[in-house]
Amino acid sequence: MSKGHLAHKPSKKQLIQKLWGDFGRLERWFLSPNGNADEVEQSETAKSVIAKWIELPETLAHPKGWNTERSTDRKLKSYLVEANWYLKFSTQKDPRCLMPIGLEVNPTPTQYVIVMSDLRDYGLTEVVKQSDVRHWKLCLKWLANFHAKHLSISHLNFGPDEALWTQGTYWHLDTRPDEFQAMVTNEFKTHAKALNSALKSAPFPTLVHGDAKLANFCFSANMDSVGAVDFQYVGEGCAMKDVMLFISSCVPIEEAQNVEKLLLDYYFSQFEEAMSFYRPEQNAKLIIESWKPFYYVAWADFLRFLYGWSPEHWKINEYSLSCATKGLEYIVK
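In structure tokens:
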């Protein structure tokens, strides 16, 4: 596994954050033709790249206590998938769905490093915690273009060490048997397999980002552009899983019901426009109508996961339960 070489060696490294579960760290590397750190200090426009160091920690730490071999294997595979994403898929800039471009992947027996372009090069400097409809629409537009671009593209013709997830997202039933066993018996556990089957067989599969929460989007300072990061759970699936997770991550509970139609209508309008660019030969309206019920099925499946993983989670609320009920009604009708 390798790809390319950096034109210049890093002259300065800046820690951005440690990775989840202490699996490594994320750094910004500043590059200088002469490898001179002083040049970097004196330049406001020094070129930078992002480096993701992945290594297995000696002691595993899960915030919810899921320190299992299965959990560790899933996380390690997620980093391999992300490396494959940057090696095989994220190779050219697409202004319609900006993301880091893979530059280099260097494996060793104990760790590997993914080097990618820095979204600061596109003016995407802002990560937000408090958001409003402007942020929501930018991210939904990004997702609409991403889903249209990858509609019906199979990634499964690569070898087993080069593939993405056969089923994108981190919470689907096939990858969460421990959490399923931990669930108390309720309607979500009773219908877990049916929910999983419905989403697997949803029409017009595409690639899903897999962890499309607000924290994984970077915005421009003037709020006219956005890009996505963190492609550990990218794989095949129903686009509504991304839309559901994004809305769950940032729309306040008290607003969700009132803005649901606005946001879904906006996503679908942007998807239709994106299809005219990427897939003009396909019937976008037909795809949209077939996807609409799966927004609610995705909610039901996500709550199935939460009831096993963290049954007191704040995302189990009046709005999410209302959506999930619609999803259950759809699959058992």
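If you count the sequence shown from 1, position 179 lands on 564 in the numbering used here, and the numbers rise without skipping.
We put the beta carbon where it would ideally sit given N, CA and C, even for glycine.
Beta-carbon proximity check, residue i vs residue j, cutoff 8 Å
{"i": "PHE573", "j": "LYS598", "result": "no"}
{"i": "PHE690", "j": "GLU564", "result": "yes"}
{"i": "CYS482", "j": "LYS534", "result": "yes"}
{"i": "GLY595", "j": "THR554", "result": "yes"}
{"i": "LYS437", "j": "ILE499", "result": "yes"}
{"i": "VAL466", "j": "TRP527", "result": "no"}
{"i": "ASP503", "j": "VAL434", "result": "yes"}
{"i": "GLU454", "j": "PHE408", "result": "no"}
{"i": "GLN552", "j": "GLY620", "result": "yes"}
{"i": "MET501", "j": "TYR692", "result": "no"}
{"i": "TRP556", "j": "PHE474", "result": "no"}
{"i": "VAL636", "j": "TRP470", "result": "no"}
Other residues of its chain near residue i: CB distance less than 7 Å, five sequence neighbours each side excluded
{"i": "THR476", "result": "ILE486, GLY487"}
{"i": "SER463", "result": "GLN617, TYR618"}
{"i": "ALA685", "result": "PHE573, LEU580, ALA709, GLY712, LEU713"}
{"i": "ASP615", "result": "ASP596, ASN601"}
{"i": "TYR715", "result": "PRO678, TYR681, VAL682"}
{"i": "SER707", "result": "none"}
{"i": "ILE401", "result": "LEU411, GLU412, ARG413"}
{"i": "PRO588", "result": "SER675"}
{"i": "THR575", "result": "none"}
{"i": "SER516", "result": "LEU599, CYS635"}
DSSP beta-bridge partners of residue i
{"i": "TRP550", "result": "GLY620"}
{"i": "PHE662", "result": "Answer is none; PHE662 lacks a bridge partner."}
{"i": "ALA611", "result": "Correcting the residue type first, residue 611 is Val in the shown sequence and not Ala. PHE604."}
{"i": "THR591", "result": "GLY622"}
{"i": "TRP438", "result": "ARG410, VAL498"}
{"i": "GLN399", "result": "ARG413"}
{"i": "PRO492", "result": "TYR497"}
{"i": "GLU467", "result": "None; GLU467 has no bridge partner."}
{"i": "GLY508", "result": "DSSP lists no partner for GLY508."}
{"i": "GLY728", "result": "There is no way to answer for residue 728, as the model of the chain reaches only from 386 to 718."}
{"i": "SER433", "result": "PHE415"}
Counted within 10 angstroms of its Cβ, other Cβ atoms place residue i as buried (16 or more) or exposed
{"i": "GLN617", "result": "buried"}
{"i": "ALA659", "result": "buried"}
{"i": "ASP764", "result": "Any property of residue 764 remains undetermined from this structure, which presents the chain solely from 386 to 718."}
{"i": "THR591", "result": "buried"}
{"i": "PRO665", "result": "exposed"}
{"i": "GLU703", "result": "exposed"}
{"i": "LEU525", "result": "buried"}
{"i": "ASP609", "result": "exposed"}
{"i": "LYS403", "result": "exposed"}
{"i": "PHE653", "result": "buried"}
{"i": "ASN530", "result": "buried"}
{"i": "ASN668", "result": "exposed"}
{"i": "LEU536", "result": "buried"}
{"i": "ASN571", "result": "exposed"}
{"i": "LEU647", "result": "exposed"}
{"i": "PHE337", "result": "Nothing can be reported for residue 337, as the shown portion of the chain is limited to 386 through 718."}
{"i": "SER586", "result": "exposed"}
{"i": "LYS460", "result": "buried"}
{"i": "GLN427", "result": "No answer about GLN427 holds up, because its pLDDT of 42 lies below 50 and its placement is not dependable."}
{"i": "VAL512", "result": "exposed"}
{"i": "LEU671", "result": "exposed"}
{"i": "PRO395", "result": "buried"}
Neighbourhood of residue i by C-beta, 6 Å cutoff - its chain only, sequence neighbours within 5 removed
{"i": "SER605", "result": "GLY508, LEU509"}
{"i": "GLN642", "result": "TYR704"}
{"i": "LEU558", "result": "ALA577, ASN581"}
{"i": "LYS432", "result": "LEU416"}
{"i": "ALA468", "result": "VAL490, ILE499"}
Other residues of its chain near residue i: CB distance less than 8 Å, five sequence neighbours each side excluded
{"i": "TRP451", "result": "Confidence is the limiting factor: at TRP451 the pLDDT is only 48, short of 50, which leaves the residue's position unreliable and the question unanswerable from this model."}
{"i": "ARG519", "result": "MET608"}
{"i": "HIS532", "result": "THR591, LEU592, VAL593, ALA624, ASP627, PHE656, ALA659"}
{"i": "ARG505", "result": "SER433"}
Chain C contact for residue i (CB, 8 Å cutoff)
{"i": "TYR652", "result": "In the displayed structure, chain C is absent; only one protein chain is listed."}
The region 672-679 contacting the region 692-709, beta-carbon criterion three pairs below 8 Å: no
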